[in-house]
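Numbering (my numbering), first residue to last: 417 to 789.
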């Protein structure tokens with residue numbers, strides 16, 4: 417139930433533009449007389465409140481009725497407006513110009529002149545448009561349609577399975593050729609401190625954001641993916657992070673298109689990022705100002721975990737290979753097609769990239785298992 421205070425506050429915050437519109441309506445619109453029968457208790461309550469506010473009972477009743485209407489209709493209006501605001505924010509945060517935005521959305525009837533009009537764009541927005549736009553940028557559809565504050569969901573987990581992270585990076589390298597991986601940690605805490613003190617004050621949160629170029633309708637932009645964040649303090653997490661560092665460093669060393677960077681980020685920003693509440697593109701300025709560190713300096717050995725070693729070797733070493741993923745929704749079909757060029761071309765098909773890399777390793781590569789432990 418709405419309190420009188422809440423109703424009054426709602427009216428106050430509705431803004432000068434609404435007040436001006438209301439004045440015009442009062443001056444130009446027809447006046448209607450309405451009689452209301454009140455219970456004695458209700459009239460007594462309204463009388464006291466009207467005297468306190470310095471207005472008549474009838475004026476107070478008008479305020480209360482208008483306030484209820486405002487409270488009931490404003491949330492819907494805000495939700496509708498947020499569709500336009502968030503759509504524009506999404507393109508702007510990825511540095512996509514209005515002209516390029518119109519090219520990407522042309523099949524939905526969007527033109528350059530229509531983009532600047534909120535009302536016209538709202539008429540063009542459809543569930544299909546929002547779903548497709550979300551898929552382009554890897555953002556949550558629930559954020560874009562205004563029902564959630566979480567912009568990104570975590571797309572890659574690596575805790576206890578660091579090989580999953582390396583496999584995901586190889587997948588992106590195949591599709592996009594160049595991938596930047598940002599290892600982000602909490603600013604102001606040394607690695608050695610966190611390693612020896614597992615406390616809240618010295619909680620060294622750390623995780624990854626990956627970036628690569630994505631193209632839609634000849635418009636190229638940076639696409640981001642949010643990966644898992646964990647604590648350097650905990651030995652299992654720390655060992656997993658080191659395994660990821662080693663695997664990424666090996667891919668980078670082999671000139672496979674992967675680049676690994678380490679940055680320290682302010683605690684409040686890192687917290688929002690890890691929960692998917694800010695755009696990673698907003699970190700560019702922050703990272704350029706904050707401390708750079710080198711992930712490879714935090715590992716005492718470059719010996720790769722066995723699964724990671726197999727993936728890296730099968731992907732990057734001779735004989736040369738061509739990887740192709742068939743974008744097919746049929747779960748029974750083999751999505752991955754891999755050609756191996758050694759004394760001619762040999763073709764293989766697999767349901768999953770992991771299966772393909774493991775099989776190619778067994779067929780074409782030998783690694784001393786002791787070196788991979």
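Note that CB positions come from ideal geometry on N, CA and C, so glycine has one too.
Three-state secondary structure (DSSP) of residue i
{"i": "residue 774", "result": "helix"}
{"i": "residue 479", "result": "helix"}
{"i": "residue 596", "result": "strand"}
{"i": "residue 758", "result": "coil"}
{"i": "residue 443", "result": "For residue 443, the predicted model reports a pLDDT of 48, less than 50, meaning its position is unreliable; a value from the coordinates is still stated below. Three-state DSSP puts residue 443 in a helix."}
{"i": "residue 710", "result": "coil"}
{"i": "residue 660", "result": "helix"}
{"i": "residue 572", "result": "strand"}
{"i": "residue 725", "result": "helix"}
{"i": "residue 502", "result": "helix"}
{"i": "residue 740", "result": "strand"}
{"i": "residue 531", "result": "helix"}
{"i": "residue 566", "result": "coil"}
{"i": "residue 730", "result": "helix"}
{"i": "residue 547", "result": "helix"}
{"i": "residue 672", "result": "coil"}
{"i": "residue 637", "result": "strand"}
{"i": "residue 540", "result": "helix"}
{"i": "residue 782", "result": "coil"}
{"i": "residue 752", "result": "strand"}
{"i": "residue 631", "result": "strand"}
{"i": "residue 474", "result": "helix"}
{"i": "residue 689", "result": "helix"}
{"i": "residue 625", "result": "strand"}
{"i": "residue 702", "result": "helix"}
{"i": "residue 458", "result": "helix"}
{"i": "residue 558", "result": "helix"}
{"i": "residue 591", "result": "helix"}
{"i": "residue 617", "result": "coil"}
Among the options, nearest to residue i - alpha-carbon criterion
{"i": "residue 687", "options": "502, 514, 602 and 670", "result": "602"}
{"i": "residue 542", "options": "567, 515 and 500", "result": "500"}
{"i": "residue 600", "options": "463, 565 and 689", "result": "689"}
{"i": "residue 819", "options": "754, 531, 618 and 654", "result": "What the structure shows of the chain is the stretch from 417 to 789, and residue 819 is not part of that stretch, so it cannot be assessed."}
{"i": "residue 671", "options": "593, 715 and 677", "result": "593"}
{"i": "residue 623", "options": "607, 647, 732 and 759", "result": "647"}
{"i": "residue 586", "options": "735, 759, 765 and 731", "result": "731"}
{"i": "residue 553", "options": "529, 509, 763 and 759", "result": "509"}
{"i": "residue 495", "options": "521, 565 and 631", "result": "565"}
{"i": "residue 610", "options": "584, 617 and 649", "result": "649"}
{"i": "residue 750", "options": "591, 578 and 771", "result": "771"}
{"i": "residue 549", "options": "523, 701, 591 and 762", "result": "523"}
{"i": "residue 668", "options": "712, 498 and 656", "result": "712"}
{"i": "residue 656", "options": "505, 721 and 534", "result": "721"}
{"i": "residue 666", "options": "582, 759 and 685", "result": "582"}
{"i": "residue 608", "options": "462, 764 and 651", "result": "651"}
{"i": "residue 707", "options": "526, 752, 604 and 617", "result": "604"}
{"i": "residue 714", "options": "615, 614 and 606", "result": "606"}
{"i": "residue 760", "options": "737, 710, 461 and 752", "result": "737"}
Counterpart residues of residue i in DSSP-defined beta bridges
{"i": "residue 610", "result": "DSSP lists no partner for residue 610."}
{"i": "residue 694", "result": "DSSP, once it has assigned bridges, lists no residue as partnering residue 694."}
{"i": "residue 767", "result": "DSSP, once it has assigned bridges, lists no residue as partnering residue 767."}
{"i": "residue 681", "result": "602"}
{"i": "residue 453", "result": "DSSP output for residue 453 lists no bridge partner at all."}
{"i": "residue 646", "result": "622"}
Within 9 Å, strictly: CB atoms of residue i and residue j
{"i": "residue 595", "j": "residue 568", "result": "no"}
{"i": "residue 645", "j": "residue 680", "result": "no"}
{"i": "residue 561", "j": "residue 538", "result": "no"}
{"i": "residue 453", "j": "residue 473", "result": "no"}
{"i": "residue 570", "j": "residue 653", "result": "no"}
{"i": "residue 717", "j": "residue 781", "result": "no"}
{"i": "residue 673", "j": "residue 589", "result": "yes"}
{"i": "residue 699", "j": "residue 597", "result": "no"}
{"i": "residue 682", "j": "residue 701", "result": "no"}
{"i": "residue 521", "j": "residue 555", "result": "no"}
{"i": "residue 580", "j": "residue 502", "result": "no"}
{"i": "residue 584", "j": "residue 626", "result": "yes"}
{"i": "residue 735", "j": "residue 757", "result": "yes"}
{"i": "residue 697", "j": "residue 455", "result": "no"}
{"i": "residue 754", "j": "residue 768", "result": "no"}
{"i": "residue 462", "j": "residue 477", "result": "yes"}
Closer than 8 Å: residue i CB and nearest the ligand PLP heavy atom
{"i": "residue 593", "result": "Absence of the ligand PLP is noted for the structure shown, with no ligands found whatsoever."}
Any C-beta of chain B under 9 Å from that of residue i
{"i": "residue 611", "result": "This model lacks chain B altogether; it includes just one protein chain."}
Self-check item: Cβ contact check for the segment 712-731 and the segment 767-781: 3 or more pairs under 8 Å
Solution: yes
Stretch-stretch touch, CB-based, cutoff 8 Å, three pairs: the segment 739-755 with the segment 689-696: no
| Between the segment 626-640 and the segment 517-524, are three or more C-beta pairs nearer than 8 Å? | With a cut-off of 8 Å, the segment 517-524 and the segment 626-640 count as touching, because enough Cβ pairs lie within range.
- Query: Are there three or more Cβ pairs, one per stretch, closer than 8 Å when the segment 651-665 is compared with the segment 572-579?
  - Reply: yes
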